[in-house]
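If you want this note's numbering, it's the 1-based position in the sequence shown plus 26. Idealized CB from N, CA, C, for every residue including glycine.
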Amino acid sequence: MNSKTLTSGQIAIMAVSAGVCVANIYYNQPILPHMARTFQATENEVGRVAVLAQAGYGVGLFFLTPLGDKINRKRLMLFLQILLVIALGCMALASSLLLVNIMSFFIGLFAVSVQIIVPMAASLAKENRGRVVGIIFTGILVGVLFARVFSGFIAEWFGWRYVYGISAGMVGVVTLALQLSLPNVASAFTGSYGQLLSSTLAQVRRFPLLRNTALLGAMVFGTFCSFWTTLTFHLSGPPFQYQTGTIGLFGLLAIGAALLAPVFGKQADKGNAKQIRLFMAFLLIFSVLIVKVFPLSATAFILTVLLLDLGAQSIQVTNTALIYTLDSTAHSRINTVYMTSYFIGGAIGTFVGIQCWVWGGWTLVTWQLLLWSSLAMLVLLLGLRLKTANA
């Protein structure tokens, strides 16, 4: 199949595949206490599993995803997902925390296949690009959020190793579906790999909008990851004492916010990106204030999960729709710059969140969450003068 179009069925398969693959980065968050018990490790030691998954994803974003502009995106995607299946199998069988850490890094590294899917969808979408990208991101966001529910439930009933064994099977199924359904698209970049990486960095200099959205994305995702990682520790302790399955259910609450992603992509197509991002940045700050003021209220955490995820995911989808209004021949490289910054922010947010939890508990965690979200608002306000076709 060589048609440069996307049917509704192909879009659905890409969305599901993206969600299944990206979920692997987040399975570890609700099950960190299970891993700690298995290997008799401290919270700080086992917290590195989450940090390394984010770090591996960031490395893969910069060094692997630009290849989408140079070689066949479909083949690259399938190759990465085969390696992901192998890494997941090794994780399920890991006999030491060291091996778990190593496999966590490689799982993050190979899960970047999802960032081959997104620019491929954007390049094939002739019209309503924001809507199509929004649908793909709905799959991603549902995968991110459902990952916590799935891993918490499976770990509680069967053990954390089954989480990764089952995931290996799911990734294998979607890999086959992609092979059978997606078209092959010729790449546009003809230079060397070194020139490709150099060209990727050049996109930062080319587009002020890309610089601003990349920094904004880093701040927003830093808030998001720091909250969800430390939430597990907070809710598993007094006064809540929730089991991992119960903690995972908080992810279900946030899936409703993820399902709104195509709506915000469509609004970005209509030129409402600035208004959306400003309102959602305010929502992000407000959501953190709720759990800072009411740290022992389950109702407060339910409300914060809904509002924080709505704010973070809406900004993400709108940012992505904006950067795809730039050079269409460099979608993978532009996406690499944005998403590398995005996940570096997530890795730093996860690390800082864990350290704040160890040093000062939930009180210090919420202070740094306010710092992250306030910096996001500042970056957004500084970038308001940037002009794009859809901004």
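Just how far apart, CA to CA, sit residue i and residue j?
| i | j | result |
| --- | --- | --- |
| Asn50 | Leu104 | 16 Å |
| Phe327 | Ile316 | 8 Å |
| Tyr53 | Leu227 | 31 Å |
| Leu322 | Pro265 | 7 Å |
| His60 | Gly185 | 8 Å |
| Ile108 | Val319 | 46 Å |
| Leu123 | Ala214 | 43 Å |
| Leu235 | Asn345 | 10 Å |
| Pro92 | Ile281 | 30 Å |
| Phe65 | Val189 | 17 Å |
| Trp183 | Arg231 | 51 Å |
| Leu336 | Leu279 | 11 Å |
| Leu395 | Ile192 | 33 Å |
| Asn98 | Met117 | 29 Å |
| Ser225 | Gln339 | 28 Å |
| Leu222 | Val391 | 39 Å |
| Ser139 | Gln269 | 32 Å |
| Met129 | Ala373 | 16 Å |
| Ser177 | Thr256 | 16 Å |
| Leu310 | Leu333 | 7 Å |
| Ala417 | Lys100 | Confidence at Ala417 is low in this model, with a pLDDT of 47, below 50, so its placement is unreliable and no value can be given for it. |
| Gln267 | Val175 | 17 Å |
| Met403 | Gly379 | 19 Å |
| Asn238 | Leu304 | 14 Å |
Taking only heavy atoms of the ligand PLP into account, decide whether any of them is closer than 6 Å to the Cβ of residue i.
| i | result |
| --- | --- |
| Thr256 | Absence of the ligand PLP from the depicted structure is noted, as is the absence of any ligand whatsoever, leaving it without description. |
If you follow the alpha helix (DSSP H) that residue i is in, where does it begin and where does it stop?
| i | result |
| --- | --- |
| Lys318 | Ala299 to Val319 |
| Asn98 | Careful: Asn98 lies outside any alpha helix (DSSP H) and carries neither H nor E. |
| Asn361 | His357 to Leu408 |
| Pro265 | Note, Pro265: premise wrong, no alpha helix (DSSP H); not H, not E. |
| Val138 | Segment: none, Val138 is in no alpha helix (DSSP H) and carries neither H nor E. |
| Asn345 | Ala324 to Ile349 |
| Val197 | Trp186 to Ser207 |
| Ile51 | It is not in any alpha helix (DSSP H) - Ile51 carries neither H nor E in the DSSP assignment. |
| Leu227 | Tyr219 to Arg232 |
So the candidates are the options; which of them puts its Cα closest to the Cα of residue i?
| i | options | result |
| --- | --- | --- |
| Ile143 | Asp95, Ala173, Ser122 and Tyr190 | Asp95 |
| Gln342 | Phe65, Gly371, Ser354 and His260 | Gly371 |
| Ser354 | Val189, Gln381 and Ser149 | Ser149 |
| Met40 | Gly220, Thr389 and Gly169 | Gly169 |
| Ala347 | Val75, Gly379 and Asn154 | Asn154 |
| Tyr83 | Met365, Gly409, Phe377 and Ala402 | Met365 |
| Ser207 | Gly35, Gly409, Gly386 and Leu408 | Gly35 |
Is there at least one Cβ from chain D nearer than 7 Å to residue i's Cβ?
| i | result |
| --- | --- |
| Gly115 | Among the chains in the structure shown there is no chain D, since it carries only a single protein chain. |
Is it the case that the Cβ atoms of residue i and residue j are separated by a distance below 7 Å?
| i | j | result |
| --- | --- | --- |
| Trp393 | Met245 | no |
| Val211 | Leu135 | no |
| Leu406 | Ala299 | no |
| Ile24 | Ile161 | Only positions 27 to 417 of the chain appear in the structure, and residue 24 is not among them; the question remains open. |
| Phe163 | Leu352 | no |
| Leu285 | Ser43 | no |
| Phe131 | Leu78 | yes |
| Tyr368 | Phe250 | no |
| Ile166 | Val331 | no |
| Asn127 | Val384 | no |
| Val46 | Val159 | no |
| Leu114 | Thr362 | no |
DSSP on residue i, reduced to helix/strand/coil?
| i | result |
| --- | --- |
| Val92 | What sits at residue 92 in the sequence shown is Pro, not Val. If DSSP states are grouped into helix, strand and coil, Pro92 belongs with the helices. |
| Gly169 | helix |
| Gly243 | helix |
| Thr414 | Only weak support exists for where Thr414 lies, its pLDDT of 45 falling under 50; the value from the coordinates is given anyway. Here Thr414 sits in coil by DSSP. |
| Asn28 | Bear in mind that a pLDDT of 42 at Asn28, under 50, signals an unreliable position, so the model cannot answer this. |
| Val211 | coil |
| Thr164 | helix |
| Asn154 | coil |
| Gln66 | coil |
| Ala44 | helix |
| Ser121 | coil |
| Leu78 | helix |
| Thr256 | helix |
| Thr249 | helix |
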